Structures are given as structure tokens and as C-alpha cells.
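*Asks:* Residues are numbered in our numbering as their position in the sequence shown, beginning at 1, plus a constant of 147.
This structure is in C-alpha cells; I'll ask about it shortly.
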Amino acid sequence: MTDTDDGVVEYQSNTTRGNSTFLLGNDTTNDTGTGELIYITSTLNTSTEALVVPIVFGLIFIVGVIGNGTTIFTVLKNKSMRNVPNVYIVSLACGDLLLILISVPCMATLYTFIGWPYGAVMCKVTHFLRTMSLGVSVFTLTALGGDRYTAIVNPMSKHMGNPIARTIITSVSIWVASIALAIVDGISARISYHQHRDSPEVFYTCQEYPVDWGDWYPKFHTIFRFIIYFALPVYIIALFYVMIARILVHSSYHMPVEGGLKSSQGNKQVEARKKVAIVVLLLVVIFIICWLPRHIFSMWWHFDPNDYNEFWHIFKVTGFCLCFINSCVNPITLYFLSKQFRKYFNRYLFCLCNRKKRLRAEVTSTSMYNFNSTVRRTSTTMTMLPNSQSL
Numbered sequence: 148m149t150d151t152d153d154g155v156v157e158y159q160s161n162t163t164r165g166n167s168t169f170l171l172g173n174d175t176t177n178d179t180g181t182g183e184l185i186y187i188t189s190t191l192n193t194s195t196e197a198l199v200v201p202i203v204f205g206l207i208f209i210v211g212v213i214g215n216g217t218t219i220f221t222v223l224k225n226k227s228m229r230n231v232p233n234v235y236i237v238s239l240a241c242g243d244l245l246l247i248l249i250s251v252p253c254m255a256t257l258y259t260f261i262g263w264p265y266g267a268v269m270c271k272v273t274h275f276l277r278t279m280s281l282g283v284s285v286f287t288l289t290a291l292g293g294d295r296y297t298a299i300v301n302p303m304s305k306h307m308g309n310p311i312a313r314t315i316i317t318s319v320s321i322w323v324a325s326i327a328l329a330i331v332d333g334i335s336a337r338i339s340y341h342q343h344r345d346s347p348e349v350f351y352t353c354q355e356y357p358v359d360w361g362d363w364y365p366k367f368h369t370i371f372r373f374i375i376y377f378a379l380p381v382y383i384i385a386l387f388y389v390m391i392a393r394i395l396v397h398s399s400y401h402m403p404v405e406g407g408l409k410s411s412q413g414n415k416q417v418e419a420r421k422k423v424a425i426v427v428l429l430l431v432v433i434f435i436i437c438w439l440p441r442h443i444f445s446m447w448w449h450f451d452p453n454d455y456n457e458f459w460h461i462f463k464v465t466g467f468c469l470c471f472i473n474s475c476v477n478p479i480t481l482y483f484l485s486k487q488f489r490k491y492f493n494r495y496l497f498c499l500c501n502r503k504k505r506l507r508a509e510v511t512s513t514s515m516y517n518f519n520s521t522v523r524r525t526s527t528t529m530t531m532l533p534n535s536q537s538l
């Protein structure tokens, strides 16, 4: 279990709430605030979420590993998929996959066991990975928003130098920044202990906010996470898309295209850029839906903690699950919105393409490659579209 707004512990206490069992959010001390020692009556949680959360996390693990793994494999294996947007997509998938493989199995039992049975190292690693993955996700989505703005407003600038190399450098920088920001959470996370009622046995919890860091730190950390990992990136992305929308509305007949093409090829470039922009926007919307409840509960918990009733408990558990669901839902979005990803997902996961169809596709692909090689010698603008505009 972790502290503050992640875990739920079943306590038996003789406080003003009466001699009854009640659900309490994670605490950072061993008393109720009235000087009475909190004793633990059980090592297992028997509430509904103790069963539901592991099932949800089991589905997150299966879908996330298969989906993100297939996304990474698809882009790395197929040269036609190695374009600027997909480099960011792979970076996003790598962060999600790392979180799912290491943290999800531990966090799945957070509402099942009354305590943290995985030790101090996993306590620190789990908090570190969750913050790092969050940083990779939100900063990459911001970079994708900027990339789509550039692709629509000034497409030729994307082809100055090596756009793929530039995108890889940006992705690496995002990972470095995310790791640096997550180190503090890894350092602060530590094990604390509580005592069982009528027994000398001690049970351990994974505490996110150390007591000796002061009461100010949880509030500061909550505001910092909300601004850096949610409000500011969403605001920047919104600005990008407002400017994109203005161009699409007011300049639909004068949309800049690569090489100044105004033929059907130029129209295809414009449509491809619009489609990728829509896909990225939906990924951002999904991120907001998955993370906003979490931030709302954290702000309420640290700044206006009124009675912790059933509504807030359900809201907390829902937000807790949603922020991990975000790590597995992106491949599903790509499957339904991108024909290219859907084609390869069907090929690698569902075997919908038989051997004969694959051979025919390979022959067609070879013919198109020879055609593109010929065209490339006469016009480089014809070969820019696959590498910069489509998913």
C-alpha cells in the first residue's frame, strides 16, 4: 500500500466515529489525529475493490503488453512506418510498456493486501516508474502537438536536415527530463510500519510522502504534478490545436503543401496531415479523461479533506484505475483510427492475411518501391509524404 491517495486500509479504532470498521486513506503517522494508536485487524481487504482492481489490472497488463509490444514491433520492423509521428508513438509505447511490466503487477494488489509486501526497493521503483511514465506520456503528446502544428502550418520546415534524427533527439531529451523529474519521487518513497491489533506483528506500507519532509511537501508535490504533468502541457497542446483549427477553417483552399503541389498529390498531403492531427488530438483527449480524476482527488485530499465518504472512495479507486488504463489504451486507439497500424496489427496478432495475400502485397510493395525509386530521381517531393504525414 502507498500513502496519501493511493491505498485503502481497513482499521479498527475507538475514535469519535464509533467502535466500527471504516475506510481511511493512506496516513503518514500511526495515529488518528487524536493521539490514539491505530491498530490493524486484518492483513486482507474484503471490500469490493479488493476483487475488482486486480481483475482490471490483469486486463491492463494483457492488453498493454500485447498492444504496446505490437506497436513497437510494427514500427521497428516495417521501414514504411518509420516516420516522425511514429517515432513519438514508439517512445510513448516504450514508457507505457515499462510501467506495465514492472509496476502494474505490484499495484494490482494495492487494494487487496493491507500492507506493502514487495519490499523497499519495489516501493521506490514503482513510484519512480509511475512518475517517469507520466512524464514521457504527457511530454511526448505535447511534442506530437507541436509536430502536427508544424506539419500543417509550415510543412517544408520539417524536411530541413534529418527530421527522423531530430525527432529521436527530442524523444531522448523527453526521457532524460522525465527520469530527472521522477528521481525525487523515487527518493521520497519509503517503507513505514504499523502494528496489528492484539499482536506484536508489524505490517509495512509504502509511503510516498515522508513525515520528516514536513506537511508542506505533499501540498507542493500535488500542485507541482498538476501544473507540470497536466495543466501546462494541456494548455500548450490546446494552443497548438486552436492555431491548427484556424488554419484549417480560414485557409482550407490555401493550405501549404510540400513542393507547392496543388494537384491530387497536394490534396493527399493535406488530408494526411489532418488525419494525423485528429489521431493525436484523440490521444490527448484520452489522456485528459484518464488523468483528470486522479488530479481532482489529489487536490481535494490535500487541500479540502472533508468527510471521506463512499463517493470519494469510489472516485479515488476509479481515478487510480484510469491512470493505469491510459498506459494500454493508445494501441487500441491507433488500431481503430489508423489503417496502417490496423493492417499490421491484423497481420501480427489476428493472422487475417493469409500467405497468398502477403505474397501479393510483397510483390506490390516491390513494384511501388521501384516506382518510387524512379520518381525520387525526378522529384523528391513525391517521397516526402510517407515519412512525415501518415501514421
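Using N, Cα and C, we set each Cβ at its ideal position, and we do this for glycine too.
Given the structure is predicted, the values throughout are model-derived calculations rather than measurements.
Among Thr278, Gly214 and Met228, which one has its Cα closest to the Cα of Tyr482?
*Replies:* Working through the sequence shown from its first residue, we reach residue 482 at position 335. With distances taken between Cα atoms, Tyr482 lies closest to Gly214.
*Asks:* Does Tyr356 get closer than 8 Å to chain B when you measure Cβ to Cβ?
*Replies:* Of the protein chains in this structure there is only one, and it is not chain B.
*Asks:* Determine which residues share a DSSP beta bridge with Tyr351 and list them.
*Replies:* The residue labelled residue 351 in the question sits at position 204 within the sequence shown. Per DSSP, Tyr340.
*Asks:* The alpha helix (DSSP H) spanning Arg313 covers which residue range?
*Replies:* Sequence index remark: in the sequence shown, residue 313 carries index 166 (1-based). Taken as a continuous stretch (DSSP letters only), the alpha helix (DSSP H) holding Arg313 covers Pro310 to Ser335.
*Asks:* Taking 8 Å as the cut-off, decide whether the C-beta atoms of Leu276 and Ile249 are in contact.
*Replies:* For the purposes of this step, residue 276 is taken as residue 129 along the sequence shown, with counting starting at 1. For the purposes of this step, residue 249 is taken as residue 102 along the sequence shown, with counting starting at 1. Yes, the Cβ-Cβ distance between Leu276 and Ile249 is below 8 Å.
*Asks:* Can you give the Cα-Cα distance for Gly172 and Phe286, rounded to whole angstroms?
*Replies:* Position 25 of the sequence shown, counted from the first residue, corresponds to residue 172. Position 139 of the sequence shown, counted from the first residue, corresponds to residue 286. The predicted position of Gly172 is uncertain, since its pLDDT is 35 and thus under 50; no value can be drawn from it.
*Asks:* For a quick check, are the C-beta atoms of Val222 and Ile311 less than 8 Å apart?
*Replies:* Indexing the sequence shown from 1 puts residue 222 at position 75. Indexing the sequence shown from 1 puts residue 311 at position 164. No, Cβ-Cβ distance for Val222 and Ile311 is not below 8 Å.
*Asks:* Out of Leu288, Cys241 and Thr273, which has the shortest C-alpha to C-alpha gap to Phe377?
*Replies:* On the sequence shown, residue 377 is found 230 positions in, with the first residue counted as 1. With distances taken between Cα atoms, Phe377 lies closest to Leu288.
*Asks:* Which full runs of the alpha helix (DSSP H) of 4+ residues lie inside the region 355 to 379, going along the chain?
*Replies:* Fully enclosed alpha helix (DSSP H) runs of 4 or longer: 363 to 373.
*Asks:* Would Val210 and Cys475 qualify as a contact pair, given that the criterion is a beta-carbon distance under 8 Å?
*Replies:* Looking up residue 210 in the sequence shown gives position 63. Looking up residue 475 in the sequence shown gives position 328. Taking 8 Å as the Cβ cut-off, Val210 and Cys475 qualify as a contacting pair.
*Asks:* Would the region 256 to 263 and the region 278 to 285 be scored as touching if the rule is three or more Cβ pairs under 8 Å?
*Replies:* Result no; under three Cβ-Cβ pairs closer than 8 Å.
*Asks:* Assuming Thr352 and Ser335 are in contact, meaning their beta carbons sit under 8 Å apart, how far apart are those beta carbons, in whole angstroms?
*Replies:* Residue 352 sits at position 205 when you count from the first residue of the sequence shown. Residue 335 sits at position 188 when you count from the first residue of the sequence shown. Rounded, the Cβ-Cβ distance is 14 Å, inconsistent with contact.
*Asks:* Take Ser194 as the anchor and find which of Glu457, Met269 and Gln487 has the nearest alpha-carbon.
*Replies:* Numbered from its first residue, the sequence shown carries residue 194 at position 47. For the residues Glu457, Met269 and Gln487, the minimum Cα distance to Ser194 belongs to Glu457.
*Asks:* Skipping 5 residues on each side, what residues in its chain have a beta carbon closer than 6 Å to that of Asn543?
*Replies:* Residue numbering for the chain in the displayed model covers 148 to 538; residue 543 lies beyond these limits and cannot be assessed.
*Asks:* Given that a residue counts as buried once 16 or more other Cβ atoms are within 10 Å of its Cβ, and exposed if not, what is Ile391?
*Replies:* For the purposes of this step, residue 391 is taken as residue 244 along the sequence shown, with counting starting at 1. Under this definition Ile391 is a buried residue.
*Asks:* Could you round the C-beta distance between Ile472 and Ile202 to whole angstroms and report it? I think they count as a contact, below 8 Å.
*Replies:* Looking up residue 472 in the sequence shown gives position 325. Looking up residue 202 in the sequence shown gives position 55. That belief does not hold up - the Cβ atoms of Ile472 and Ile202 are roughly 13 Å apart, past 8 Å.
*Asks:* Within this structure, are the beta carbons of Pro357 and His449 separated by less than 8 Å?
*Replies:* Counting from one through the sequence shown, the residue named residue 357 turns up at place 210. Counting from one through the sequence shown, the residue named residue 449 turns up at place 302. The answer is no: Cβ separation not under 8 Å.
*Asks:* Cutting at 7 Å between CB atoms, please list the residues of its own chain near Ala424, excluding the five before and the five after it.
*Replies:* In the sequence shown, the residue the question calls residue 424 occupies position 277. Only Arg295, Ile299 and Ile391 meet the Cβ criterion.
*Asks:* On a Cα-Cα basis, can you pick out the residue from Val396, Ile384 and Ser238 that is closest to Thr314?
*Replies:* Residue 314 sits at position 167 when you count from the first residue of the sequence shown. The shortest Cα separation from Thr314 among Val396, Ile384 and Ser238 belongs to Ser238.
*Asks:* Have a look at Lys422, Arg420, Cys468 and Ala419 and flag the residue whose alpha-carbon is nearest the alpha-carbon of Ile436.
*Replies:* For this step, residue 436 is matched to residue 289 along the sequence shown. The residue with the shortest Cα to Cα distance from Ile436 is Cys468.
*Asks:* Taking the alpha-carbon of Ile370 as reference, which of Arg229, Ile443 and Met303 has the nearest alpha-carbon?
*Replies:* Taking the sequence shown and counting its residues from 1, one reaches residue 370 at position 223. Nearest option by C-alpha distance: Ile443.
*Asks:* How would you label Leu538, buried or exposed, when you count the other beta carbons within 10 angstroms and need 16 or more for buried?
*Replies:* The sequence position of residue 538 within the sequence shown is 391, counting from 1. Buried, since its Cβ has 16 or more Cβ neighbours within 10 Å.
*Asks:* For Leu328, which of Arg372, Pro440, Leu245 and Ile316 has the nearest alpha-carbon?
*Replies:* Here the question's residue 328 lines up with position 181 in the sequence shown. Checking every option, the nearest Cα to that of Leu328 belongs to Arg372.
*Asks:* Alpha carbon to alpha carbon, what distance is there between Pro478 and Leu484?
*Replies:* For the purposes of this step, residue 484 is identified with residue 337 of the sequence shown, where counting begins at 1. For the purposes of this step, residue 478 is identified with residue 331 of the sequence shown, where counting begins at 1. Distance between the alpha carbons of Leu484 and Pro478: 10 Å.
*Asks:* Just the C-alpha distance for Val464 and Val396, rounded to the nearest angstrom, thanks.
*Replies:* Along the sequence shown, read from residue 1 onward, the residue named residue 464 stands at position 317. Along the sequence shown, read from residue 1 onward, the residue named residue 396 stands at position 249. Their backbone Cα atoms lie some 41 Å apart in a straight line.
*Asks:* How would you write the range of the alpha helix (DSSP H) that Tyr482 sits in, first residue to last?
*Replies:* Here residue 482 refers to the residue found at position 335 of the sequence shown. From DSSP, the alpha helix (DSSP H) with Tyr482 extends over Glu457 to Leu484.
*Asks:* With H, G and I counted as helix, E and B as strand and the rest as coil, what does DSSP make of Arg277?
*Replies:* Here the question's residue 277 lines up with position 130 in the sequence shown. Helix.
*Asks:* What residue does the alpha helix (DSSP H) around Ser250 start on, and which one ends it?
*Replies:* Counting from 1 along the sequence shown, the entry for residue 250 is found at position 103. Premise fails: Ser250 is in no alpha helix (DSSP H) and is neither H nor E.
*Asks:* For Cys253, which residues of its own chain have a beta-carbon under 8 Å away from its beta-carbon, when the five flanking residues on both sides are left out?
*Replies:* By one-based count along the sequence shown, residue 253 stands at place 106. Within the same chain, Cys253 has close Cβ partners Tyr265, Met269 and Thr273.
*Asks:* Buried or exposed for Ser496, going by 16 or more other Cβ atoms inside 10 Å?
*Replies:* Here residue 496 refers to the residue found at position 349 of the sequence shown. Rather than Ser, the amino acid found at residue 496 in this sequence is Leu. Answer is exposed; the Cβ neighbour count stays below 16.
*Asks:* Put Cys241 into one of helix, strand or coil per three-state DSSP.
*Replies:* Within the sequence shown, the letter at position 94 stands for residue 241. Three-state DSSP puts Cys241 in a helix.
*Asks:* For Gly282, which residues in the same chain have their Cβ closer than 6 Å to its Cβ, ignoring the five residues on either side in sequence?
*Replies:* Counted from its first residue, the sequence shown places residue 282 at position 135. Around Gly282: Ser325 and Leu328.
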